[in-house]
Structures are given as structure tokens and as C-alpha cells.
Amino acid sequence: FGGYFGAHVRFGSARAFTKKDFLPFDNGYQFIYMTVAPRFYFSPFRKLTLYFFAQPEVELQALVSNTLVKVTGNDDITGAAGGSLGLQFLLGIISVTAQVSCQYNWNLQTVFLGGSLSVGLSNTI
């Protein structure tokens with residue numbers, strides 16, 4: 004049973020709905036985020052390149068919606084903290100990763116749940 008350490012940066016965008024009062028055709032909000040996290044890998048298999056990981060996260064979110072002015076004022080950039088759990092399979096330099104994440108936005112007092120499946124390139128430094 005071995006362990007490894009890494010770093011993770013994630014950029015993205017999402018659309019979320021809200022129960023707050025809204026303008027016509029604006030019943031939600033768009034947000035753009037950047038997440039920075041250390042990643043802790045665990046490899047329970049000797050010959051199979053399947054890794055489990057856990058990562059505590061800090062996220063910076065930029066919110067875009069006229070309806071949030073009542074909630075956040077003019078402050079449309081807020082922060083969140085949380086974590087992710089996932090697994091990564093390496094096939095040569097091809098990486099297939101599945102993860103679930105949860106962040107708590109303290110300004111909006113809201114929990115964001117997400118998941119992803121990604122295919123990319125990976126290599127050791």
C-alpha cells in the first residue's frame with residue numbers, strides 16, 4: 004500500500020438554479036470557478052495503475068447574475084472550501100479520472116455538489 008502527493012488546479016464554469024426572487028428569464032446564475040488543492044494519492048494495487056485520491060480544496064468563484072445583487076451586493080467574487088474524492092486510472096500517459104466534489108460557499112451559505120469524468124494526459128516530473 005503506497006501513497007503519493009500531488010497538486011491540482013481546476014478551472015470551470017457552471018449554471019445553477021436558485022429559489023431566490025428573480026427577474027423574468029433569470030431564475031439562476033452562472034458562475035466561473037478556480038480550485039486549488041493538494042492531492043493525496045493511494046495505490047492499493049502493485050501492478051494496476053489505479054489510484055484513489057482525496058483532496059481538500061479552496062475555490063474562488065465569480066458569480067454572474069442580476070438576481071444576486073440582493074444577496075451579495077456588488078461583491079460578485081466569493082470563496083468556498085471543501086474537498087473531492089476520486090479515482091484515476093493511468094494507461095501510459097493517458098489519464099482517466101472520475102471524481103465527486105463538495106464545496107461550501109460561506110458568503111451564500113450554500114453547498115455545491117459536483118462530479119466529473121475526464122480524460123487527459125499525465126506524466127511525472
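Numbering-wise, the working numbering comes out as the position in the sequence shown, counting from 1, plus 3. Note that CB positions come from ideal geometry on N, CA and C, so glycine has one too.
- Between the alpha carbons of Leu90 and Tyr7 lies a gap of roughly 13 Å.
- Exposed is the label assigned to Ser119, since fewer than 16 other Cβ atoms lie within 10 Å of its Cβ.
- From the listed residues Thr113, Tyr107, Leu53, the smallest Cα separation to Val61 is found for Tyr107.
- DSSP, reduced to helix, strand and coil, places Gly123 within a strand of the structure shown.
- In the DSSP assignment, Ile80 falls within the beta strand (DSSP E) that extends over 80 to 94.
- Only residues of its own chain outside the window of five on either side were considered, and among them Thr52, Leu53, Val99 have a CB closer than 7 Å to the CB of Phe92, listed in chain order.
- Taken atom to atom, the span from the alpha-carbon of Ala65 to that of Cys105 is near 17 Å.
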